[in-house]
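Enquirer: Just dropping this structure here.
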Amino acid sequence: MKLPLVAPSLLSADFGNLNRDIEMLNHSQADWIHFDVMDGVFVPNISFGFPVIKAVKKVAQKPLDVHLMIVQPERYLEAFKEAGAGILTVHYEACTHLHRTLQSIKVLGMKAGVSLNPHTPVHLLNEIIHDIDLVLIMSVNPGFGGQQFIEHSYTKIKTLKELIIKSGAPTLIEVDGGVTVANAPKLVASGVDVLVAGNTVFASGNPAETIEQLKKG
Ligand code: DX5
Ligand code: ZN
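Per my numbering, residue 29 is the first one in the sequence shown, and the count goes up by one each step.
What follows is the structure in structure tokens.
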């Protein structure tokens with residue numbers, strides 16, 4: 029597993045030609061496929077749900093990295109497992125009993141991720157870092173693709189990296205929102221293990237080549 033991992037976000041794919049885009053990802057250096065599930069309550073947008081994930085699972089040859097931007101995600105953990113999720117990320121801000129939710133995700137056989145909105149401080153994970161397989165730092169306000177990267181995210185990534193090293197946990201750091209070929213090297217230098225990129229990949233003239241450039245970190 030060569031770091032950084034690259035997880036193109038399907039939110040920016042062409043839904044009229046989804047098979048074509050998945051085949052492109054299958055043949056590219058992409059490591060995971062990132063899914064943004066939005067409920068219109070936790071975020072001011074609605075994206076897609078189980079039927080789309082199940083359909084992609086049939087043709088995808090890479091793990092499905094599912095990012096839940098929904099309230100009460102604990103109600104749907106089993107359904108996302110059945111749909112094909114390999115990594116399931118919930119938002120810190122959406123979980124009253126985060127520890128229980130993470131344990132449930134793992135019991136179902138998935139990797140457990142926790143995402144932090146831009147305003148949520150990293151130190152809130154102090155007591156639970158050992159239970160998290162992946163922390164997803166939102167570097168835009170969640171809800172839409174193609175937004176501008178929030179510069180303060182570098183500081184949060186560095187703080188998180190220190191916390192992970194200090195605790196000895198094997199947790200991965202994923203960054204999501206406004207990732208470009210230009211800022212990828214600085215993100216990786218700050219401690220990022222997984223780069224999510226939607227617009228940068230799918231609006232590119234040559235998505236597979238763009239993935240290759242991101243992969244170089
Ligand atoms: C935003 C989503 C992102 C989004 C990233 O709420 O979580 O995954 O698809 O899109 P870009 O890379 O275009 O900022
Ligand atoms: Zn996402």
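Ideal placement from N, C-alpha and C gives every residue a C-beta, glycine not left out.
If we count the other Cβ atoms within 10 Å of its Cβ and call it buried at 16 or more, is V220 buried or exposed?
Expert: So V220 ends up on the buried side.
Enquirer: How would the residue list near the ligand ZN read, in chain order, if you kept each one whose beta-carbon is closer than 6 Å to any heavy atom?
Expert: Selection output, chain order preserved: S37, H62, D64, H95, D204 and V224.
Enquirer: Run through the DSSP bridge pairs and tell me what A113 is partnered with.
Expert: The partner list for A113 (beta bridge, DSSP) reads L92.
Enquirer: Give the DSSP bridge partners of M194, in chain order.
Expert: For the sequence presented, residue 194 should be read as Lys rather than Met. None, per the DSSP bridge assignment.
Enquirer: Pull the bridge partners of G245 from the DSSP assignment, please.
Expert: None; G245 has no bridge partner.
Enquirer: Taking V203 as the reference, give the member of K189, D159 and K139 with the closest Cα.
Expert: Residue K189 is the option with its Cα nearest to V203.
Enquirer: Please go through the same chain and pick out, in chain order, the residues whose beta-carbon is closer than 8 Å to the beta-carbon of H127, but skip the five residues on each side of it.
Expert: Answer for H127: I156 and D159, listed in chain order.
Enquirer: Might you give, ordered along the chain, the residues of its own chain that have their beta carbon closer than 7 Å to the beta carbon of T148, omitting 5 neighbours on each side?
Expert: Y120 and E121.
Enquirer: Where do the ends of the alpha helix (DSSP H) carrying V87 lie?
Expert: Its alpha helix (DSSP H) spans residues F78 to V87.
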